[in-house]
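Chain order of the listed sequences is A and B.
At position 83 of the first sequence (counting the first as 1) the number is 88 in the working numbering, and the numbers step up by one without a gap.
At position 93 of the second sequence (counting the first as 1) the number is 98 in the working numbering, and the numbers step up by one without a gap.
Protein chains: 2
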Amino acid sequence: MERIPILRMGPFLLVTIQVDLHDRLVVTFQDDLTEQISRTGARGVLIDISALDMVDSFMGRMIANIAGMSRILDAETVVVGMRPAVAITLVELGLALPGVRTALDVEKGMELLRASRGLRLGKEEDGDLED
Amino acid sequence: MERIPILRMGPFLLVTIQVDLHDRLVVTFQDDLTEQISRTGARGVLIDISALDMVDSFMGRMIANIAGMSRILDAETVVVGMRPAVAITLVELGLALPGVRTALDVEKGMELLRASRGLRLGKEEDGDLED
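Written out as structure tokens, the structure is:
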């Protein structure tokens, strides 16, 4: 299972990270994600990290990089489900994730993206990706 | 990371399975899922298995068991993202997943659940879980 699944949820993409991101997996994931954003015209990316008990500086940088790539492709990144211990570690590592928005859970993250991208719930014409 | 995250998506729960389900992980997952269904009053469970290249009979039985438990708790299970090879294997193993509905991706699975549970898109009062 050497691939992190990327799920389409209306105009957004949802990724749940459950495994340690080693180098090769990160490269595959970045390729997959950027390719999907560009193909579908997704407006936002939700990254759920509720399964992560700990993060190291590599993981922190990867999240920041992914957010940066998405932003250039006009998709906003929201990191959701961060555990308190992870927040403490990230700040102590000096990785305060500038430019990455966070929300407590997926639903709040989606609301945030909808509000920020000017999409309204239940409007089908806003909700369809291109592909 | 010894826990499979369960995400709330409106009136449904979403689980993406990315790692091999060994015995202890399955027990933890079944506990978590049934507890969440009963606590939130979720109407449906979406299990995304797009990350699985292969399934064995253990995995097949687990999916069938999880669907059975959810059904007793009045939540319908839809398995989404199944790869063709996995479908072939499951049938060859004699595990045709009776009582489990399937859909090609998460969005189609959600539509199926909404239609089946009589919920309409964009009606906030239908979409809130109890907790």
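We put the CB at the ideal spot given by N, CA and C, even for glycine.
In the DSSP annotation of this structure, A/MET87 is not part of any beta strand (DSSP E), being labelled neither H nor E.
Counting along the chain, the unbroken beta strand (DSSP E) around B/ASP53 starts and ends at 49-53. A straight line joining the alpha-carbon of A/GLY49 with that of B/ALA72 spans about 31 Å.
It is roughly 8 Å from the alpha-carbon of A/ALA56 to the alpha-carbon of A/THR21. Using a Cβ-Cβ distance cut-off of 8 Å, the stretch 90-108 of chain A and the stretch 62-72 of chain A are in contact, since at least three pairs of beta carbons, one from each stretch, lie closer than that value. For secondary structure counted as the alpha helix (DSSP H) over 4 or more consecutive residues, the stretch 58-115 of chain A holds these complete runs in sequence order: 62-77 and 89-97. When DSSP reads this structure, B/VAL32 sits in no beta bridge, so it has no partner. By the beta-carbon neighbour count (other beta carbons within 10 angstroms, threshold 16), A/PHE63 is exposed.
Inclusion of A/ILE9 and A/LEU30 in the CB contact set at 9 Å is warranted, their separation being smaller than that value.
Among the residues of chain B, those whose CB is under 8 Å from the CB of A/ARG8 are ALA56, following chain order. Shown here, B/ARG13 sits in a strand according to DSSP, grouped into three states. With contacts defined by Cβ atoms closer than 9 Å, B/VAL83 and B/GLY114 form a contacting pair. Against chain A, the CB of B/MET14 has a partner CB under 9 Å away; the residue lies at that interface. Collapsing the DSSP output to three states places B/LEU18 in a strand.
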